[in-house]
């Protein structure tokens, strides 16, 4: 059974005469609602049984009801309550002031609570934008930005400095963009944060991309692959060598699909090595290597060394440049099965993209075995059937599912590539052979009620 949320009691929490914050921290309890005759007490697993009798005595004139709540929500509430007591209204803060703010316990708690909120919402990104008169806090959930709680403008210098210190960035630098990363553990959840800070005309824009370490790998079927594309993907994982590409924009689930494919491949008879930025899923039996840009250990640097490790299968998180592309081709030609991703809008465009990266036609036809493009489309909420409810944050959607298009190379497609056929000519041939593109794949989900026409248009427009 789902635990009640503090949001359910938000209107009461504003006006209630609350327990002192130190008491809430120590005992893991909070008043959720109180009137003249009764009190609803929220408690976490921290609450000792003897504490109940103490509360019964303390509030003996009232009827007490106990409801278990999430520890993470209580932590977030405490952090925001603490931070409301802190803040520096100075606009021209010096380095010592910024250091002090960044190490101020309420600011640390506030930043932690923002990250915890992102984890609880299953957000992919957290956006914190400091403007002249206000702060915007938003979370990207299922591909769409939603509003977070309001934060006092005076707290932004402390928030910015705290995040910069976490990522070993320069807290005094507000003129040029800064990038960093940090690994943290909050509420028993390990999360990698990729941090981007960019100056804007009236302040700074901070984006935290969340990579939560996961052990619960999903299968291709769980992701939404079905029918011909599912069969094709499973077939190509049995190939002894060659290149298999998954394409799509940022946030379309490409890495998750690669990891699902690795599940199909993973066995004691094969040595599998991955090169990732960062490692998102822990896969037992697979050698996983993380890119470390701070020591100039990029995809191409690692791939050179991986080729000496006698691998059967290599998974490369992304082909970003010509050097990596050339090494991927070399690995595919020398008896390795290589899985990777590219940023293209459809499956057929990988051919043009590989050419842009300097790979000649004859090498593309020699190594490319298959190309699949995908998008993640929001699913209609099961609880409210799209009308909007607490479970889906009133959006009408909850969770996402993949739609895909894909093809395997055959003699005819190789011939078209070598004849320098245009992408539309290759697509025309594929359609004549029964190719289902992303639009048709999405339409099938609309027709069976899993999503809506407007959501499909949003994703593919």
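In my numbering, the protein residues as written are 564 to 1024. By construction, the Cβ of each residue, glycine as well, lies at the ideal position given by its N, Cα and C atoms. Predicted model, so just to flag it, every value in this text is computed and none were measured.
- Message: Please tell me whether residue 744 and residue 757 are closer than 9 Å, where the distance is taken between their beta carbons.
- Response: Within the chain shown, residue 744 is the residue found at index 181, counting from 1. Within the chain shown, residue 757 is the residue found at index 194, counting from 1. Inclusion of residue 744 and residue 757 in the CB contact set at 9 Å is warranted, their separation being smaller than that value.
- Message: Taking the beta strand (DSSP E) that residue 837 belongs to, which residues open and close that run?
- Response: For the purposes of this step, residue 837 is taken as the residue at position 274 of the chain shown. First-last of the beta strand (DSSP E) with residue 837: 835 to 839.
- residue 822 classed as buried or exposed, judged by whether at least 16 other C-beta atoms fall within 10 angstroms: One-based indexing of the chain shown puts residue 822 at position 259. Result: buried.
- Query: For residue 630, which of helix, strand or coil comes out of DSSP?
  - Reply: As a first step, residue 630 must be located in the chain shown, where it is residue number 67. Three-state result, residue 630: strand.
- Message: Once DSSP output is grouped into helix, strand and coil, what is the label at residue 856?
- Response: Walking along the chain shown from the start, residue 856 turns up at place 293. Looking at residue 856 - three-state DSSP - the assignment turns out to be helix.
- Message: Using a Cβ-Cβ cutoff of less than 8 Å, which residues in the same chain neighbour residue 574 once the five nearest sequence positions on both sides are dropped?
- Response: Position 11 of the chain shown, counted from the first residue, corresponds to residue 574. Leaving aside the five residues that flank residue 574 on each side, none in its chain has a CB nearer than 8 Å to its CB.
- Task: Return the CA-CA distance between residue 687 and residue 600, expressed in angstroms with no decimal places.
- Result: One-based indexing of the chain shown puts residue 687 at position 124. One-based indexing of the chain shown puts residue 600 at position 37. Each residue's Cα considered, the two are about 44 Å apart.
- Message: Once DSSP output is grouped into helix, strand and coil, what is the label at residue 907?
- Response: Along the chain shown, one-based indexing puts residue 907 at 344. Three-state DSSP puts residue 907 in coil, outside helix and strand.
- Task: Measure the Cβ-Cβ separation of residue 866 and residue 838 and say whether it is below 9 Å.
- Result: The residue you call residue 866 lines up with position 303 of the chain shown. The residue you call residue 838 lines up with position 275 of the chain shown. At a Cβ-Cβ threshold of 9 Å, residue 866 and residue 838 count as neighbours.
- the ligand NAD heavy atom lying under 8 Å from the CB of residue 926: You won't find the ligand NAD in this model; it holds no ligand whatsoever.
- Message: Cutting at 8 Å between CB atoms, please list the residues of its own chain near residue 828, excluding the five before and the five after it.
- Response: For the purposes of this step, residue 828 is taken as residue 265 along the chain shown, with counting starting at 1. Closer than 8 Å at the Cβ level, and outside the excluded window around residue 828, lie 800, 835, 876 and 900.
- CB contact flag (residue 992, residue 975, <9 Å): For the purposes of this step, residue 992 is taken as residue 429 along the chain shown, with counting starting at 1. For the purposes of this step, residue 975 is taken as residue 412 along the chain shown, with counting starting at 1. Taking 9 Å as the Cβ cut-off, residue 992 and residue 975 qualify as a contacting pair.
- Query: Closest to residue 861 by CA distance: which of 883, 1008, 986 and 699 is it?
  - Reply: Here residue 861 refers to the residue found at position 298 of the chain shown. When only C-alpha atoms are compared, the closest one is 883.
- Task: Compare the Cα-Cα distances from residue 850 to each of 830, 981 and 948 and report the closest residue.
- Result: Taking the first residue of the chain shown as position 1, residue 850 is located at position 287. Nearest C-alpha to residue 850: 830.
- Please state if the CB of residue 897 and the CB of residue 804 are separated by a distance shorter than 9 Å. For the purposes of this step, residue 804 is taken as residue 241 along the chain shown, with counting starting at 1. For the purposes of this step, residue 897 is taken as residue 334 along the chain shown, with counting starting at 1. Yes, the Cβ-Cβ distance between residue 804 and residue 897 is below 9 Å.
- Query: To the nearest angstrom, how far is it from the Cα of residue 812 to the Cα of residue 603?
  - Reply: Against the chain shown, residue 812 aligns to sequence position 249. Against the chain shown, residue 603 aligns to sequence position 40. Roughly 47 Å between the two C-alpha positions.
- Query: Using the rule of at least 16 other Cβ atoms within 10 Å of the residue's Cβ for burial, across every protein chain shown, is residue 589 buried or exposed?
  - Reply: Here residue 589 is taken as the residue at index 26 of the chain shown, counted from 1. Looking at its Cβ environment, which holds fewer than 16 other Cβ atoms inside 10 Å, residue 589 is exposed.
- Quick one: is residue 639 near chain B, going by C-beta distance under 9 Å? Within the model displayed, chain B is absent; a lone protein chain is all it includes.
- Whose C-beta lies closer than 7 Å to the C-beta of residue 731 among residues of the same chain, with five residues either side of it excluded? Stepping through the chain shown from its first residue, residue 731 is reached at position 168. Cβ neighbours of residue 731 beyond the five flanking positions: 743.
- Task: Assign residue 732 to one of three DSSP states: helix, strand, or coil.
- Result: In the chain shown, residue 732 corresponds to position 169, counting from 1. Correct three-state label for residue 732: coil.
- Message: Beta-carbon within less than 8 Å of residue 932's beta-carbon, same chain only, minus the 5 sequence neighbours each way: which residues are those?
- Response: On the chain shown, residue 932 is found 369 positions in, with the first residue counted as 1. Excluding five sequence positions before and after residue 932, the CB atoms of its chain that fall closer than 8 Å to its own CB belong to 799, 802, 805, 806, 807, 971 and 972, given in chain order.
- Any idea what DSSP makes of residue 575, helix, strand or coil? As a first step, residue 575 is located in the chain shown; it is residue number 12 there, counting from the start. Residue 575: helix per DSSP, three-state reduction.
- Close Cβ partners of residue 888 (< 8 Å) along its chain, the five nearest in sequence each way excluded: Against the chain shown, residue 888 aligns to sequence position 325. 882, 917, 920, 921 and 922.
- DSSP-derived helix/strand/coil call for residue 721: The sequence position of residue 721 within the chain shown is 158, counting from 1. In this structure, residue 721 counts as helix in the three-state DSSP scheme.
- Just checking, does the region 775 to 785 make contact with the region 694 to 713 on the three C-beta pairs under 8 Å criterion? Because the criterion of three Cβ pairs below 8 Å is not met, the region 775 to 785 and the region 694 to 713 do not touch.
- Task: If I'm right that residue 964 touches residue 942 with Cβ under 8 Å, what's the distance once you round it to whole angstroms?
- Result: The sequence position of residue 964 within the chain shown is 401, counting from 1. The sequence position of residue 942 within the chain shown is 379, counting from 1. Contact holds; Cβ gap of about 5 Å.
- Task: Assign residue 1011 to buried or exposed, taking buried as 16 or more other Cβ atoms, counted over all protein chains shown, within 10 Å of its Cβ.
- Result: For the purposes of this step, residue 1011 is taken as residue 448 along the chain shown, with counting starting at 1. Exposed.
- Query: Curious, which full-length alpha helix (DSSP H) runs of at least 4 residues does the region 665 to 696 contain?
  - Reply: With a minimum length of 4 residues, the continuous alpha helix (DSSP H) runs that stay inside the region 665 to 696 are 668 to 683.
- Task: Decide if residue 681 is buried, meaning its Cβ has at least 16 other Cβ atoms within 10 Å, or exposed.
- Result: Sequence index remark: in the chain shown, residue 681 carries index 118 (1-based). Result: buried.
- Message: Need the endpoints of the alpha helix (DSSP H) that residue 986 sits in, please.
- Response: Residue 986 sits at position 423 when you count from the first residue of the chain shown. Residues 986 to 995.
- Completely contained beta strand (DSSP E) runs for the region 931 to 979, where each covers 3 or more residues: Taken in chain order, the complete beta strand (DSSP E) segments of 3 residues or longer contained in the region 931 to 979 are 931 to 943 and 960 to 971.
- Message: Tell me the rounded alpha-carbon separation between residue 818 and residue 582.
- Response: Taking the first residue of the chain shown as position 1, residue 818 is located at position 255. Taking the first residue of the chain shown as position 1, residue 582 is located at position 19. Going by the C-alpha atoms only, they are around 46 Å apart.
- Task: Using the Cα positions of residue 1030 and residue 852, report the straight-line distance between them to the nearest angstrom.
- Result: The first residue shown for the chain is 564 and the last is 1024, placing residue 1030 beyond what the model contains.
- Message: So, does the region 760 to 780 touch the region 688 to 697, judging by three or more C-beta pairs under 8 Å?
- Response: Output reads yes: the region 688 to 697 touches the region 760 to 780.
- Task: Round the Cβ separation of residue 734 and residue 746 to the nearest angstrom and send it over; I've been treating them as touching at under 8 Å.
- Result: Start at 1 with the first residue of the chain shown, and residue 734 comes out as number 171. Start at 1 with the first residue of the chain shown, and residue 746 comes out as number 183. That belief does not hold up - the Cβ atoms of residue 734 and residue 746 are roughly 20 Å apart, past 8 Å.
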